[in-house]
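Numbering follows full-length UniProt numbering, with no gaps: position 152 of the sequence shown is 152.
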Amino acid sequence: MVSPPSSPSLSTASLLSSFSSNSCSTNLPPLVQVPLLSLDTPAAEEETSSLGKKGCEKHNRKRVIDKLLQFSKNGKLQRGCMKEVAAEFNISTKTVGKIWSIAKTQMQAGLPVDVQCKWIGNSGKKRGTVNTQKMLAVPFHRRKNMRALAFAMDVSKSTVQRWLKSKDIRRHSNAIKPFLCEKGKLKRLKYCLDHITAPSIPINPTFHHFYDYIHIDEKWFNITKEKTTFYALPEEPDPYRTAQSKAHIPKIMFLAAVGRPRFGNDGAVLWDGKIGIFPFTFEAETKRSSKNRPAGTLEVKATTTINRDEMKKMLLEKLLPAIKEKWPGPRRDVIIQQDNAKPHVDMNDLEFVQAAQEGDWNIKLQFQPPNSPDLNILDLGYFRSIDTILDQAASRKLEDLITVVTTSFTALTPEKLNNVFLTCQSVMGEVLKQKGGNNFKIPHMGKSSLARLGRLPDNVGVSQEVYQEAKTFLEEHM
């Protein structure tokens, strides 16, 4: 009797050699060395047992069907083939029978065979859904962040995160809009109705092309923000920023003026629509010397108080000369649209009217409806996009800030500016639908895609029903 090996770590080959040497001494027939794959190579079991835990994978179940079809004739299986297939793939005959039953039903119905496991993706604990009625009962001021919403819904914060990830709820960034009284709504409504061209009424009400308009607006630009975000390495020190007073961060006001660009029949740009952007600054001599410059050096200073005199000076010295220099075509009838800020020059100001009519020009001022930044081209487009450019530039001096703002204005393309004019026309259509209100989203019409297809319209209009309803509403309430 051969005693078993004392060490459990002996390999299968050493066991076989031990049994062979002892068998020779007892005159037994020699042993044939057969590789015991089940002991030394566990991966071999996966080759013969290709299903196992993965038996529900689509490609493995299809192999079972392919094997069964080899044993089928006229939709019937040969006797005993299920046991053979089950043994080959190391699964039960019950599983083979279910797979064959599914495939047989599909083949009889003339459908493609699909034996994919149905419980993949449908197993496990079902995720909880949002109680919509309960959430609708929670006021918006209690839904400002995930923690507040979780407390109001009596769930965990991670549950709210899952709702957001699965798009059961959405994140909304809300910007406050100007308050409109009933009188202000009627002014907005009348403004939009007045800009529908008469020849297009009533068949296809279309808005005015705005080729004779110049939109102007002002905006303050700060050298830096009181609070901003940076990305740093873990071991990198935090940036250190200082200012004499957070309430007096250096800033400059700019006046921007744009018109609608002109394009030829072949799409070539005839005029880019940019009149200019002008800073409210002045030059002053330094009173004292420093390590950077001697006394008496001219430095750029920002005009901190913008009143009507400063605004008139800007219009007379900068804006009107730029319009007369850059305005395209022979026509000299121009309307300058501005908002209702108190420092703005009155449209009947004698000094402005006289300067605007010099040289056979007919330039007029016009006020847009009150509390209506959505009807100004600069508020709709350029001023919205420039903040990102300023963050990337990180100006440290007023001269640098002026350069960055001027460069960004130069980079404004005629195509984008023309798109903003179309957006303004779309906004006017929404104003008509809302009877002068501003409770709507800025409409998007896929202008870039339409331009690539050569289908971008020159002007936007509204339906006959919208126009007629807005006109009737205005007549009843004026």
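Using N, Cα and C, we set each Cβ at its ideal position, and we do this for glycine too.
Model, not experiment: these values are computed from the prediction.
Contacts around residue i, its chain only, beta-carbon distance under 8 Å, and the 5 residues preceding and following it disregarded
i	result
G264	L270
E310	F280, T303, P343
A232	D238, P239
residue 529	The question about residue 529 has no answer, for the chain in this structure spans 1 to 478.
N93	Note that residue 93 corresponds to Thr in the displayed sequence, not to Asn. Cβ neighbours of T93 beyond the five flanking positions: M82, K83, A86.
S50	In this prediction, S50 has a pLDDT of 45, which is less than 50 and means its spatial position is unreliable; what the coordinates show is noted afterwards. Around S50: N60, R63, F89, N90.
V138	L149, A152, M153
R241	T224
M107	G75, V113
S21	Since pLDDT at S21 reaches only 45, below the 50 mark, its modelled position is unreliable, and the value read off the structure follows with that caveat. Same-chain partners within the cutoff: there are none.
Cβ-based neighbour list, residue i, same chain, cut-off 6 Å, excluding 5 preceding and 5 following
i	result
K364	I335
N419	K447
S289	A295
P328	R262, W271
W100	L68
A451	none
T26	Because T26 carries a pLDDT of 45, less than 50, the predicted location of this residue cannot be relied on, and no value is offered for it.
K246	E226
Residue i versus the options, residue with shortest Cα-Cα distance
i	options	result
M253	P457, I306, N459	I306
T229	N459, F221, P250, D238	D238
D458	Q133, I102, H209, G124	H209
Q357	A393, L316, S395, L378	L316
V466	K227, I223, T206, P330	T206
R308	N439, V345, S395	V345
K225	K118, L422, L401, P414	L401
I442	I389, G461, G381	G381
H141	K134, S463, A152	A152
Q368	R241, Y191, T410	Y191
S408	G97, L390, M478	L390
N439	V115, H477, L180	L180
A103	I196, C117, A150	C117
Y211	E285, L417, G437	L417
A284	E299, D154, N204, K157	E299
V460	I99, N204, A268, I249	N204
L319	Q78, L453, Q338	Q338
R332	W361, T197, F352	W361
F383	A355, R396, L412	L412
M478	Q78, P414, T388, K183	K183
V96	Q133, V115, V353	V115
T410	Q133, I386, L136, C424	I386
Assumed close pair residue i, residue j - CB separation to whole angstroms, cut-off 8 Å
i	j	result
I216	T406	With 8 Å as the limit, I216 and T406 do not qualify as a contact, their Cβ atoms being about 16 Å apart.
D272	K312	The Cβ separation is near 27 Å, so there is no contact.
A322	I275	5 Å
V113	I65	6 Å
S426	M445	6 Å
F282	K301	6 Å
residue 493	L255	Since the first residue of the chain shown is 1 and the last is 478, residue 493 is not available in this structure.
G128	T105	The pair is not a contact, with the Cβ atoms about 35 Å apart (cut-off 8 Å).
G359	K324	7 Å
K187	P370	7 Å
Cβ neighbours of residue i in the same chain (closer than 7 Å, five flanking residues each side left out)
i	result
K435	K185, L189, A470, F473
G259	Y213, I214, G273, I275
T403	none
V130	W163, D168, I169
F221	K251, I252, F254, L390, L401, V405
K326	I275
L378	H215, D217, A256, V258
M146	K157, V160, Q161
F421	F210, R260, I377
R293	T286
H195	F207, H208, M428
A355	L316, L320
T71	Just to set this straight, residue 71 is Phe in the shown sequence, not Thr. Here the set comprises L77, Q78, C81.
S395	I223, L401, V404
L456	K447, L450
CB contact check: residue i to chain C, cutoff 7 Å
i	result
K342	The structure shown contains no chain C; it is built from a single protein chain.
Every unbroken alpha helix (DSSP H) inside the stretch 73 to 147 [4 residues or more]: Entirely contained in the stretch 73 to 147, the alpha helix (DSSP H) runs reaching 4 residues are, in chain order, 81 to 89, 93 to 108, 132 to 136.
Segment contact flag, the stretch 374 to 391 with the stretch 426 to 433, C-beta cutoff 8 Å, min 3 pairs: With the cut-off at 8 Å, the stretch 374 to 391 and the stretch 426 to 433 touch.
Whole beta strand (DSSP E) elements within the stretch 256 to 343, 3-residue minimum: List check, beta strand (DSSP E) in window: 269 to 271, 274 to 279, 281 to 285, 298 to 302, 333 to 338.
Every unbroken alpha helix (DSSP H) inside the stretch 365 to 396 [4 residues or more]: Qualifying alpha helix (DSSP H) stretches, in chain order: 377 to 380, 382 to 393.
Minimum length 4: unbroken alpha helix (DSSP H) runs contained in the stretch 148 to 181: Those alpha helix (DSSP H) runs which fall completely within the stretch 148 to 181 and span 4+ residues are 157 to 165.
Completely contained beta strand (DSSP E) runs for the stretch 183 to 242, where each covers 3 or more residues: Taking only runs of at least 3 residues, the beta strand (DSSP E) segments lying wholly in the stretch 183 to 242 are 213 to 222.
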